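Asks: Using full-length UniProt numbering, read the sequence shown as starting at 1 and increasing by one per residue. Here it is, the structure, as structure tokens.
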Amino acid sequence: MRLVATASIQPGEVLGQTIYRDNGTILLHSGVQFTARLVKRLLEQGITYVYIEDEATKDIVVQSVLSDRLRQDATSSMRSLFADVQKNKLNKNSFVLDEGEKNLTEIIHRIAEEISSHDESISLLTDIYLTDDYIFQHSLNVTIYALAIGATLNLNAQELAELGKGAILHDIGKVFIDPEILQKPDKLTDEEYEIMKSHTIFGYDVLRKNHNYSSVVAHCAYQHHERLDGTGYPRGLKGSDIHLFAQIIGVADVFDAVTSNRVYRKAMLPHEGVELLYSSAVEQFDIRVVEAFKSSVAVYPNGISVELSDNRQGVVMKQNKTICDRPIIRILKENDKDVEPYTVDLSKSLNVTITKCNLVK
Numbered sequence: 001m002r003l004v005a006t007a008s009i010q011p012g013e014v015l016g017q018t019i020y021r022d023n024g025t026i027l028l029h030s031g032v033q034f035t036a037r038l039v040k041r042l043l044e045q046g047i048t049y050v051y052i053e054d055e056a057t058k059d060i061v062v063q064s065v066l067s068d069r070l071r072q073d074a075t076s077s078m079r080s081l082f083a084d085v086q087k088n089k090l091n092k093n094s095f096v097l098d099e100g101e102k103n104l105t106e107i108i109h110r111i112a113e114e115i116s117s118h119d120e121s122i123s124l125l126t127d128i129y130l131t132d133d134y135i136f137q138h139s140l141n142v143t144i145y146a147l148a149i150g151a152t153l154n155l156n157a158q159e160l161a162e163l164g165k166g167a168i169l170h171d172i173g174k175v176f177i178d179p180e181i182l183q184k185p186d187k188l189t190d191e192e193y194e195i196m197k198s199h200t201i202f203g204y205d206v207l208r209k210n211h212n213y214s215s216v217v218a219h220c221a222y223q224h225h226e227r228l229d230g231t232g233y234p235r236g237l238k239g240s241d242i243h244l245f246a247q248i249i250g251v252a253d254v255f256d257a258v259t260s261n262r263v264y265r266k267a268m269l270p271h272e273g274v275e276l277l278y279s280s281a282v283e284q285f286d287i288r289v290v291e292a293f294k295s296s297v298a299v300y301p302n303g304i305s306v307e308l309s310d311n312r313q314g315v316v317m318k319q320n321k322t323i324c325d326r327p328i329i330r331i332l333k334e335n336d337k338d339v340e341p342y343t344v345d346l347s348k349s350l351n352v353t354i355t356k357c358n359l360v361k
């Protein structure tokens, strides 16, 4: 399969991977033949990339990080918990958070298990879902990234559980933000931005008042927008005053935000998102966390077309798990001329680098 920009699909090409809604129902089956109308529909639904069938890459395997069942269960749990928290406001005695904590603990455990059993580096670009509410998809993605970072930093099982809960609930305060501000397609005004920033305080308040959630989990909601140089919010904390888990979630949060398609902004590709993190490392993010993130995530996902520094062109066919920016490439062209396909492992060919990604077949 080959990963391509939806806008570049030509009528007659065939969908290589089923596209799901986040509730588990199928939006579009693999094997369906595209029409111009179908492509337009996907673009209107916000589907930026898809996998198509391709003779030269038909054996390239795309692995989902999470099983469909776990993704559905996690989304359903978040949907229920967030809705009930919004309904009950800041009632510290609400049984809703008590029951929700039990469900989330199980969900986090299952996510951590599936990540650890995944035999390639993580790529969420390969999991193509249509979601009705960005906050749930984003919270789940941030949780996956945060747990992967935590495992790379050798956090123990209890620490990973706390980190996972902090990640999945980091934006729970947004249920108290006016939907017109939360879902505004244009840039926020200064006044609206100040209101938006208050989600960190709301999230902290609702979590700290419930005995089932630790202070650490509450501070993940409170501090995930803080930055090492003091430029973050809500308190402008610096350096070690920001909890490590909040720093991890902050990195995961930024990466998922910039690599997700939004009405007002085109999504970056993973390697562009990683470059953005590195450009802010030291000043805003702990370099150890950024390095752990890079070691966990597929910078160039399977199926994406790439150009190399020696003018060869090909498609990423497999990841090197511990060297995520140097995958195995199937070479299809040399100096723009077709060649008999062969592979090159960039973890061994150290004098060659990827210079460009191409999402147009």
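Just so it is clear, CB atoms sit at the ideal spot from N, CA and C, and this is done for glycine as well. Here the structure is a predicted model, which means the values were calculated and not measured.
Please classify Asn156: does DSSP put it in a helix, a strand, or coil?
Replies: Numbered from 1 along the sequence shown, position 156 holds the residue referred to as residue 156. Of the three classes helix, strand and coil, the one that applies to Asn156 here is coil, per DSSP.
Asks: Using a Cβ-Cβ cut-off of 8 angstroms (strictly less than) and excluding sequence neighbours within five positions of Glu114, which residues of its own chain qualify?
Replies: Here residue 114 corresponds to residue number 114 of the sequence shown, with the count starting at 1. Within the same chain, Glu114 has close Cβ partners Val65, Leu66, Ser67 and Leu70.
Asks: Could you tell me the distance, in whole angstroms, from the CA atom of Val282 to the CA atom of Leu104?
Replies: Within the sequence shown, the letter at position 282 stands for residue 282. Within the sequence shown, the letter at position 104 stands for residue 104. In this structure, the straight-line span from the alpha carbon of Val282 to that of Leu104 is close to 33 angstroms.
Asks: Can you give me the start and stop residues for the alpha helix (DSSP H) that Leu207 sits inside?
Replies: Taking the first residue of the sequence shown as position 1, residue 207 is located at position 207. Residues His199 to Arg208.
Asks: Cβ of Glu106 versus every heavy atom of the ligand FAD: is any distance shorter than 7 angstroms?
Replies: Absence of the ligand FAD from the depicted structure is noted, as is the absence of any ligand whatsoever, leaving it without description.
Asks: For Ala56 and Gln313, what's the separation of their Cα atoms in angstroms?
Replies: As a first step, residue 56 is located in the sequence shown; it is residue number 56 there, counting from the start. As a first step, residue 313 is located in the sequence shown; it is residue number 313 there, counting from the start. Those two C-alpha atoms are separated by around 13 angstroms.
Asks: May I ask you to verify whether the stretch 199-209 touches the stretch 146-154, counting CB pairs closer than 8 angstroms and requiring at least 3?
Replies: Short answer: they don't touch.
Asks: Going along the chain, which unbroken runs of the alpha helix (DSSP H) with 4 or more residues stay wholly within the stretch 228-263?
Replies: 244-258
Asks: Here's a check: name, in chain order, each residue in its chain whose Cβ is nearer than 8 angstroms to the Cβ of Asp178, leaving out the five neighbours to either side.
Replies: Position 178 of the sequence shown holds residue 178. Result list for Asp178: Ile195, in chain order.
Asks: Given 8 angstroms as the limit, is there contact between the stretch 214-222 and the stretch 235-252, that is, 3 or more CB pairs closer than that?
Replies: yes
Asks: From the DSSP output, which residues share a beta bridge with Arg312?
Replies: By 1-based counting over the sequence shown, the position of residue 312 is 312. Answer is Glu334.
Asks: Only counting the same chain, and skipping five residues up and downstream in sequence, which positions put a Cβ closer than 8 angstroms to that of Gly12?
Replies: Counting from one through the sequence shown, the residue named residue 12 turns up at place 12. Contacts found: Gln33 and Phe34.
Asks: Can you tell me where the beta strand (DSSP E) with residue 363 in it begins and where it stops?
Replies: Nothing about residue 363 can be reported from this structure: the residues present for the chain run from 1 to 361 only.
Asks: Since Ala5 is in the alpha helix (DSSP H), which residue starts that stretch and which ends it?
Replies: Along the sequence shown, read from residue 1 onward, the residue named residue 5 stands at position 5. Note, Ala5: premise wrong, no alpha helix (DSSP H); beta strand (DSSP E) at Arg2 to Ala5.
Asks: Lys318 bridges to which residues according to DSSP?
Replies: Along the sequence shown, one-based indexing puts residue 318 at 318. Its beta-bridge partners are Ile328.
Asks: If we ignore side chains and look at the alpha-carbon of each, how far apart do Lys58 and Lys87 end up?
Replies: Translated into positions along the sequence shown, residue 58 becomes position 58. Translated into positions along the sequence shown, residue 87 becomes position 87. C-alpha separation (whole angstroms): 49 angstroms.
Asks: What does DSSP give as the partner residues of residue 431 in its beta bridges?
Replies: The displayed coordinates of the chain run from 1 to 361. Any statement about residue 431 would go beyond what the structure contains.
Asks: Measure the alpha-carbon distance for Ser349 versus Val50 and round it to whole angstroms.
Replies: Position 349 of the sequence shown, counting from 1, holds the residue named residue 349. Position 50 of the sequence shown, counting from 1, holds the residue named residue 50. Distance between the alpha carbons of Ser349 and Val50 is about 29 angstroms.
Asks: Identify the continuous beta strand (DSSP E) that holds Tyr278 and give its terminal residues.
Replies: Stepping through the sequence shown from its first residue, residue 278 is reached at position 278. No beta strand (DSSP E) holds Tyr278; the alpha helix (DSSP H) holding it covers Pro270 to Ser280.
Asks: Counting only the same chain and skipping the five closest in sequence on each side, list residues whose C-beta sits under 8 angstroms from that of Ile168.
Replies: Taking the first residue of the sequence shown as position 1, residue 168 is located at position 168. Around Ile168, the same chain offers Ala74, Met78, Leu104, Ile107, Ile108, Ser139, Leu140, Val142 and Thr143 as residues with beta carbons nearer than 8 angstroms, after the five sequence neighbours per side are excluded.
Asks: For the stretch 41-110, list the alpha helix (DSSP H) runs that are entirely contained and at least 4 residues long, ordered along the chain.
Replies: DSSP runs (the alpha helix (DSSP H)) wholly in the stretch 41-110: 68-88.
Asks: Does DSSP put Glu283 in a helix, in a strand, or in coil?
Replies: What you label residue 283 is simply residue 283 of the sequence shown in a count that begins at 1. If DSSP states are grouped into helix, strand and coil, Glu283 belongs with coil.
Asks: May I have the straight-line CA-CA distance separating residue 441 from Arg288, to the nearest angstrom?
Replies: There is simply no residue 441 to check, as the chain begins at 1 and stops at 361 in what is shown.
Asks: Measure how close the beta-carbons of Glu340 and Asn311 come, nearest whole angstrom, since I'm counting them as under 8 angstroms.
Replies: Start at 1 with the first residue of the sequence shown, and residue 340 comes out as number 340. Start at 1 with the first residue of the sequence shown, and residue 311 comes out as number 311. Contact flag wrong, Cβ pair sits at about 17 angstroms.
Asks: Over the uninterrupted alpha helix (DSSP H) stretch that includes Ile9, give me the two end residues.
Replies: Position 9 of the sequence shown holds residue 9. Premise fails: Ile9 is in no alpha helix (DSSP H) and is neither H nor E.
Asks: Locate the alpha helix (DSSP H) running through Leu182, then write down its first and last residues.
Replies: Position 182 of the sequence shown, counted from the first residue, corresponds to residue 182. Start and end: Pro179 to Leu182.
Asks: DSSP state of Asp190, grouped into three classes?
Replies: On the sequence shown, residue 190 is found 190 positions in, with the first residue counted as 1. Residue state, collapsed to three classes: helix.
Asks: With a Cβ-Cβ cutoff of 8 angstroms, do Val316 and Ile304 count as a contact?
Replies: As a working mapping, residue 316 is identified with position 316 in the sequence shown. As a working mapping, residue 304 is identified with position 304 in the sequence shown. Taking 8 angstroms as the Cβ cut-off, Val316 and Ile304 qualify as a contacting pair.
Asks: For Ile242 and Pro185, I'd like the C-alpha separation in whole angstroms.
Replies: Counted from its first residue, the sequence shown places residue 242 at position 242. Counted from its first residue, the sequence shown places residue 185 at position 185. So the alpha carbons of these two residues sit roughly 31 angstroms apart.
Asks: Grab me the residues of Glu226's own chain with a C-beta within less than 6 angstroms of its C-beta, minus the 5 sequence neighbours each way, in chain order.
Replies: The residue labelled residue 226 in the question sits at position 226 within the sequence shown. Counting only Cβ-Cβ distances below 6 angstroms, and skipping sequence neighbours, we find Gly232, Leu237 and Ile242.
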